[in-house]
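As structure tokens, the structure follows; a few thoughts come after it.
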Amino acid sequence: MVLVLAFPQMFSVANGLEGDVMNKKGSKNESLRGAVPLSHFFLRQRVQPGDLALDATCGNGLDTLLLAELVGEGGRVWGFDVQPCAISATKALLEREGRSGNVELFETSHERVSEHVPAGLAAAVFNLGYLPGGECSLVTSPETTVSALTQAAALLKKGGLIVISLYTGHEGGPQEAFAVEGWGASLDPREYNVWRSRQLNRPDTAPYLVLVERVR
Ligand code: SAH
């Protein structure tokens, strides 16, 4: 008992509480077990209250929700998805969490980002591939993804980030990853820092992250 009072942190580790905190999905201390948690780690670092942000692939809306929370009521988020089921899932999630007020959703291709979104983005999220487990099985495609990435890169403010989660395990995935990497490699290093983050202790097919930071 004396030990517990003197070293509360030891007590929590012994009870496995620390592990729970690390694994809680969507939490600040979420374990970096995959590309999406790693993208959230970077977004939490960079996105501030009052910022502007884009979710180019809403899916079930988890990234949209994180962006809405980070920018707060003084900021603004734009979300795109071509599938009605994804837009309705995102809308429902935002409403449930009381975060729909500063989010504008578009049921259209992210190729049309620059028609709707102004310059000055602190962040843009691209979670590629398809939505697992639902009827929303449409997959992102290299041409539209690269077009939207080019527009998002031009809309970033200095210090703004694009986080791209890439999946190579499905049909067409390797081609899309190749196109995204080719696009990233072509960016002028005086204007953009471009990173690729992969897990060394997972198979080559594990999802990975490409990160783009606007320098000037
Ligand atoms: N692979 C991720 C989920 C990706 S969801 C995971 O495992 O969690 C990708 C989303 O992109 C889908 O909801 C799909 O409808 C959407 N999408 C596909 N093409 C698009 C386009 N051209 N514009 C906007 N969204 C698109």
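Note that my numbering gives residue 292 to position 204 of the sequence shown, counting from 1, and the numbers run on in steps of one. Backbone N, C-alpha and C fix where the C-beta goes; we use that ideal spot for every residue, glycine too. Quick caveat: nothing in here was measured; it's all calculated off a predicted structure.
- DSSP places G270 in the uninterrupted alpha helix (DSSP H) bounded by 261-273.
- C-alpha of A141 to C-alpha of V298: approximately 17 Å in a straight line.
- Between A265 and V234, the C-beta spacing is not below 8 Å.
- Three or more pairs of CB atoms, one per stretch, sit closer than 8 Å, so the stretch 241-259 contacts the stretch 198-205.
- Assigned with DSSP and collapsed to three states, R200 falls in helix.
- Taken in chain order, the unbroken stretches of alpha helix (DSSP H) that lie wholly in the stretch 148-232 and span 4 residues or more are 150-159, 172-184, 201-204.
- Listed in chain order, the non-local C-beta contacts of R284 below 6 Å within the same chain comprise V298, local neighbours out to five positions each way being set aside.
- Exclusion of S176 from the 7 Å shell around ligand 1 follows from its C-beta lying no nearer than that to any non-hydrogen atom of the ligand.
- Here the C-alpha atom of G270 lies approximately 19 Å from the C-alpha atom of H198.
- In this structure, N215 has its CB closer than 7 Å to one or more heavy atoms of ligand 1.
- Closest option to D169, judged by alpha-carbon separation, among T232, R121, G189: T232.
- Secondary structure of A294 (DSSP, three-state): coil.
- Placement of the Cβ of Q263 at a distance of 7 Å or more from every heavy atom of ligand 1 is found.
- In the structure shown, the three-state DSSP call for S253 is strand.
- The three-state reading of DSSP puts R304 in coil, since its state is none of H, G, I, E or B.
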